[in-house]
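**Q** Here the sequence shown is numbered in our numbering, starting from 35 and rising by one per residue. No residue lacks a Cβ here, since even glycine has one placed at the ideal position from N, Cα and C. Please read all numbers here as calculations on a predicted model, not as lab measurements.
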Amino acid sequence: MCRCPPGPSPSRLRLPLVLALAASAAASAAELPVGSPADLARAAAAARPGDALVVRNGTCRDWEVVFRASGAAGNPVVLRPQTPGGATFTGRTRLAIEGAYLEVSGFRFDKAQNGRGVPIVEFRGASDCRLTDCAFSACGDPHATSTRTIQLAHGSARNRVDHCFMTGTLSMGMGIKVGDDAAGRGNTDNRFDRNYFRDIRRLSPNGQEPVQLGQDQSAFGEIPIRAVVEQNLFEAADGDSEVVSNKSAGNIIRHNTLRDCQAGLCLRGGRDCRVEGNWCFRTEGLRVFGRGHVVVNNYFEETEDGIGLPAGQYRAGGFVDRASSGSYEAASGVLVAHNTVVRPKKRGIDLGRDRGQVHQGVPKNELPRDVAVANNLVVGDRGILVQVSGAENVRWQGNLVWAAGQADAGLSDPGIRRADPGLVRDGRLWRLPRTGSPAADAGVALQEVSRDIDGQDRTGPPDVGCDEISGGDVVHRPLCPEDVGPSWMRGKP
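Set out below in structure tokens:
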């Protein structure tokens, strides 16, 4: 019998083929010069996957353009300047992104406005597209502050906005449209990450949120859009009381850093969202409305409040005036676990505050209910560390509170232990000591939480608070300007 030597494995056969195809695609990619809006339209119409539309460096004044083309997975059609940061859109500006596998990269937007209540950049029916490495300064519509500077709408799915910088925005920053009309349907599975928001000042009582996920929680908060907001940095981002405003369902807000914001994170409504592993320094903390949310592994230091579940105007499934998008749904079915709150100014964890207050003619008489509060660590020398103004069916387990100085420990419950955890300063954070803390191994096991804020595994009985004493690798940490924003800025706007 003839015994031939074995041939190469199928995977070894495929690799040269893949490399050959990639080389062929690279060889056929073209750079199409763009010097005007008309050039851009012609180049986009002629573009093939892998092509780059290259805008001449300089000022692009009053450009209102549509970037409509079709790329391919791993081979997008790219719109970029000659050099990163080299071209600036200004004046009456509008850029619509329409198509699949498109990328817009490396532009400046300076005082880009249009005064018509429409976005500066809009994903319109876009899928698998990307806006990256761009800087926005003093952009938006000061006469319509709820107008989003960057908007995803009209069935835009699986898009990414990343490594962008926003400062001095005159209206809302980044937002996803959610509703039952053509603009609001199908905007799912989008992501905002590694963006840098800085020095955003409030111009009106409402409407300049840096990030908004939906607009009307009472009417459309049930719609799952599965957005991810992660690893963004917010510094002095005070345009609205809500830095990230959630008004839809199934979203994740994680590993973001907030510093010196006269605002906070807010689950303004919606359902089944997860807020995890965020660092909040000198902010307004986190407010929670809606149902089925999970709030775990967050760190709050010197915030006005830590975590609040205020009273609402209606309960899940109850009556709500659909004409009012300002309605508040009292929290229900929420898990608040493994969070650390250090030196809050007013309250550490509170349930039912604002009870009886009237908003838009409707009193806030509905209380949070069916809430689990477990394994949280609250330490302070002022304010009330745990306050319950009213709540129904709350389960307290494994929490640890230590009131020093003028602080009031607040609620007494078997699920709240009072002891000094012995926190030590580790760089920019208060952490548990390596040994001897009453918080060590003092929590109850929760299947919803398998890691800590650093990304380290929780082992055995978990430690109380956001930090697990561990020698494992640190995956996540508070962000600095060098970690986010456009690569060509190198953290220096």
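1) Taking 7 Å as the limit between beta carbons, can you name the residues of its chain near Glu256, skipping five residues before and five after?
2) Could you give the distance in angstroms between the alpha-carbon of Asp175 and the alpha-carbon of Asp404?
3) On the premise that Asn331 lies in contact with Ile487, defined as a C-beta separation below 8 Å, what is that separation, rounded to the nearest angstrom?
4) Quick one: what does DSSP say Gln251 is sitting in, helix, strand or coil?
5) Is the beta carbon of Pro531 sitting closer than 9 Å to the one on Val99?
6) Can you round the beta-carbon distance between Phe334 and Cys314 to whole angstroms, since I take them to be within the 8 Å contact cut?
7) Enumerate in chain order the residues of its own chain whose CB-to-CB distance from Leu434 is below 8 Å, with the five nearest sequence positions on each side excluded.
8) Which same chain residues, not among the five before or five after Gln440, have their C-beta less than 7 Å away from its C-beta?
9) Pull up the distance between the alpha-carbon of Ser423 and that of Phe226, whole angstroms please.
10) Check for me: the alpha helix (DSSP H) holding Arg76 runs from which residue to which?
11) At the level of alpha carbons, what is the spacing between Gln185 and Ile210?
12) Alpha carbon to alpha carbon, how far is Met200 from Gly120? Give it in angstroms, no decimals.
13) Going by alpha carbons, who is nearest to Gly159 out of Val152, Phe141, Gly133 and Gly432?
14) Evaluate the contact criterion for the region 318-328 versus the region 502-520: three or more CB pairs, one atom per stretch, below 8 Å.
15) Ala371: which of Gln481, Gly202 and Asn221 sits nearest, CA to CA?
16) Measure from the alpha carbon of Asp294 to the alpha carbon of each residue in Asn280, Asp272 and Arg302, then state which is nearest.
17) Please classify Val458: is it buried, with 16 or more other beta-carbons within 10 angstroms of its beta-carbon, or exposed?
18) Can you give me the C-alpha to C-alpha distance between Gly303 and Glu363, rounded to a whole angstrom?
19) What residues in its chain sit with their C-beta under 8 Å from that of Ala59, if we drop five residues either side in the sequence?
20) Where DSSP assigns a beta bridge to Ala103, which residues make up the other side?
21) Is it right to say Gln394 is buried, meaning 16 or more other beta carbons lie within 10 angstroms of its own, or is it exposed?
22) Is the region 160-173 touching the region 232-248 in the sense that three or more CB pairs, one from each, lie closer than 8 Å?
23) For Gly213 versus Thr183, is the C-beta distance shorter than 9 Å?
24) Suppose the cutoff is 6 Å on Cβ atoms and the five residues either side in sequence are ignored; what does the same chain contact list for Gly367 look like?
25) Are the beta-carbon atoms of Thr166 and Ser139 separated by less than 9 Å?
26) Can you tell me which of the three DSSP states Ser521 falls into?
27) Suppose the cutoff is 8 Å on Cβ atoms and the five residues either side in sequence are ignored; what does the same chain contact list for Gly149 look like?
28) Tell me the DSSP bridge mates of Ser161?
**A** Working from what's here:
1) The sequence position of residue 256 within the sequence shown is 222, counting from 1. Short of 7 Å from the beta carbon of Glu256, and not among the five residues preceding or following it, lie these beta carbons of its own chain, in chain order: Ala283 and Arg305.
2) For the purposes of this step, residue 175 is taken as the residue at position 141 of the sequence shown. For the purposes of this step, residue 404 is taken as the residue at position 370 of the sequence shown. Distance from the CA of Asp175 to the CA of Asp404, rounded to the nearest whole angstrom, comes to 42 Å.
3) As a first step, residue 487 is located in the sequence shown; it is residue number 453 there, counting from the start. As a first step, residue 331 is located in the sequence shown; it is residue number 297 there, counting from the start. Their Cβ separation, rounded to whole angstroms, is 5 Å, which keeps Ile487 and Asn331 in contact under 8 Å.
4) Taking the sequence shown and counting its residues from 1, the one referred to as residue 251 is at position 217. It is helical.
5) There is simply no residue 531 to check, as the chain begins at 35 and stops at 527 in what is shown.
6) In the sequence shown, counting from the first residue as 1, residue 334 sits at position 300. In the sequence shown, counting from the first residue as 1, residue 314 sits at position 280. Contact flag correct, Cβ pair sits at about 5 Å.
7) As a first step, residue 434 must be located in the sequence shown, where it is residue number 400. Excluding five sequence positions before and after Leu434, the CB atoms of its chain that fall closer than 8 Å to its own CB belong to Asn410, Leu411, Val412, Ile450, Arg451, Arg452, Ala453, Pro455, Pro472, Ala473, Ala476, Val498 and Gly499, given in chain order.
8) Position 406 of the sequence shown, counted from the first residue, corresponds to residue 440. Cβ neighbours of Gln440 beyond the five flanking positions: Asp415 and Arg416.
9) For the purposes of this step, residue 423 is taken as the residue at position 389 of the sequence shown. For the purposes of this step, residue 226 is taken as the residue at position 192 of the sequence shown. CA-CA distance, Ser423 to Phe226, rounds to 36 Å.
10) Here residue 76 refers to the residue found at position 42 when the sequence shown is read from its first residue. For Arg76, the uninterrupted alpha helix (DSSP H) segment begins and ends at Pro71 to Ala80.
11) Reading the sequence shown from its first residue, position 151 is the one you call residue 185. Reading the sequence shown from its first residue, position 176 is the one you call residue 210. Taking the straight line joining both Cα atoms gives about 6 Å.
12) Here the question's residue 120 lines up with position 86 in the sequence shown. Here the question's residue 200 lines up with position 166 in the sequence shown. Taking the Cα positions, Gly120 is about 17 Å away from Met200.
13) One-based indexing of the sequence shown puts residue 159 at position 125. For the residues Val152, Phe141, Gly133 and Gly432, the minimum Cα distance to Gly159 belongs to Gly133.
14) Touching, no.
15) By 1-based counting over the sequence shown, the position of residue 371 is 337. Closest option to Ala371, Cα to Cα, is Gln481.
16) Start at 1 with the first residue of the sequence shown, and residue 294 comes out as number 260. Closest by C-alpha distance to Asp294, out of Asn280, Asp272 and Arg302, is Asp272.
17) Mapped onto the sequence shown, residue 458 falls at position 424. Exposed, since its Cβ has fewer than 16 Cβ neighbours within 10 Å.
18) Looking up residue 303 in the sequence shown gives position 269. Looking up residue 363 in the sequence shown gives position 329. Answer to the nearest angstrom: the Cα atoms are 6 Å apart.
19) By one-based count along the sequence shown, residue 59 stands at place 25. Unreliable positioning characterises Ala59 in this predicted model, as indicated by a pLDDT of 49, which lies under 50. The coordinate reading is nonetheless provided below. Closer than 8 Å at the Cβ level, and outside the excluded window around Ala59, lie Pro83, Gly84 and Asn109.
20) Here the question's residue 103 lines up with position 69 in the sequence shown. Gly133.
21) Residue mapping note: residue 394 aligns to position 360 of the sequence shown, counting from 1. That one is exposed.
22) With the cut-off at 8 Å, the region 232-248 and the region 160-173 do not touch.
23) The residue given as residue 213 occupies position 179 in the sequence shown. The residue given as residue 183 occupies position 149 in the sequence shown. At a Cβ-Cβ threshold of 9 Å, Gly213 and Thr183 do not count as neighbours.
24) Residue mapping note: residue 367 aligns to position 333 of the sequence shown, counting from 1. Taken in chain order, the residues that qualify are Arg325, Gly326 and Asp404.
25) Stepping through the sequence shown from its first residue, residue 166 is reached at position 132. Stepping through the sequence shown from its first residue, residue 139 is reached at position 105. Going by C-beta atoms, Thr166 is nearer than 9 Å to Ser139.
26) Sequence index remark: in the sequence shown, residue 521 carries index 487 (1-based). Correct three-state label for Ser521: coil.
27) Residue 149 sits at position 115 when you count from the first residue of the sequence shown. Within the same chain, Gly149 has close Cβ partners Arg126, Asp175 and His177.
28) In the sequence shown, counting from the first residue as 1, residue 161 sits at position 127. Answer is Ala134 and Ala191.
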